[in-house]
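**Q** In this note's numbering, the protein residues as written are 17 to 161.
We put the CB at the ideal spot given by N, CA and C, even for glycine.
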């Protein structure tokens with residue numbers, strides 16, 4: 017497996033996953049609030065042809081979606097934490113390089129960094145590659161398998 021490619025993928029997904037955590041929480045809260053507005057099901061009626069009522073379906077769908085969101089939140093949170101730990105193990109300049117190349121994904125990152133750091137383009141890419149190598153080792157312990 018090419019762990020370097022996996023590391024690049026994780027970095028590119030990082031910002032979106034951070035946003036997703038907020039959105040998942042909001043959606044979960046909305047479903048909790050919706051649950052309180054659903055009316056209770058009458059138990060003295062027998063459903064026609066063995067089917068459930070629309071209210072029962074709504075209750076079950078709400079519960080299932082909240083459970084899925086909880087699992088998705090836990091998994092996404094774990095991935096965000098792992099990526100954050102990998103980034104936190106780097107020097108500030110290395111972290112900044114990776115964030116700007118992969119997380120923020122600006123078109124002009126290399127050019128901007130050349131100007132800011134007063135370095136040649138090849139040197140900026142070499143620094144980025146070194147930072148990515150360290151990040152990959154921090155994340156997976158190995159670069160290639």
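(1) So what's residue 18 in DSSP terms, helix, strand or just coil?
(2) Taking Cβ positions, are residue 147 and residue 114 nearer each other than 8 Å?
(3) Nearest-angstrom Cα distance between residue 28 and residue 69?
(4) Would the stretch 98-106 and the stretch 147-158 be scored as touching if the rule is three or more Cβ pairs under 8 Å?
(5) Mind pulling the alpha helix (DSSP H) runs of 4 or more residues that sit fully within the stretch 91-121?
(6) Output needed for residue 118: all residues of its chain with C-beta closer than 7 Å, excluding positions within five of it in sequence on either side, in chain order.
(7) Quick check on residue 19 - is its C-beta less than 8 Å from some C-beta in chain B?
(8) Leaving out the 5 sequence neighbours to the left and right, which residues in its chain are closer than 7 Å to residue 158 when beta-carbon positions are compared?
(9) Report all residues from its chain with a CB closer than 6 Å to the CB of residue 144; omit the five preceding and five following residues, and keep chain order.
(10) Between 85, 50 and 97, which lies nearest to residue 75 when the distance is taken from Cα to Cα?
(11) So does the stretch 81-95 actually touch the stretch 118-136, counting three or more Cβ pairs closer than 8 Å?
(12) Let me confirm a value: residue 80 is counted as buried when at least 16 other C-beta atoms fall within 10 Å, else exposed. Which label applies?
(13) Only counting the same chain, and skipping five residues up and downstream in sequence, which positions put a Cβ closer than 6 Å to that of residue 126?
**A** So, to answer that:
(1) strand
(2) yes
(3) 45 Å
(4) yes
(5) 108-114
(6) 24, 27 and 28
(7) Considering every chain present, this structure includes no chain B. It has just one protein chain.
(8) 19
(9) 113 and 117
(10) 50
(11) no
(12) exposed
(13) 137 and 140
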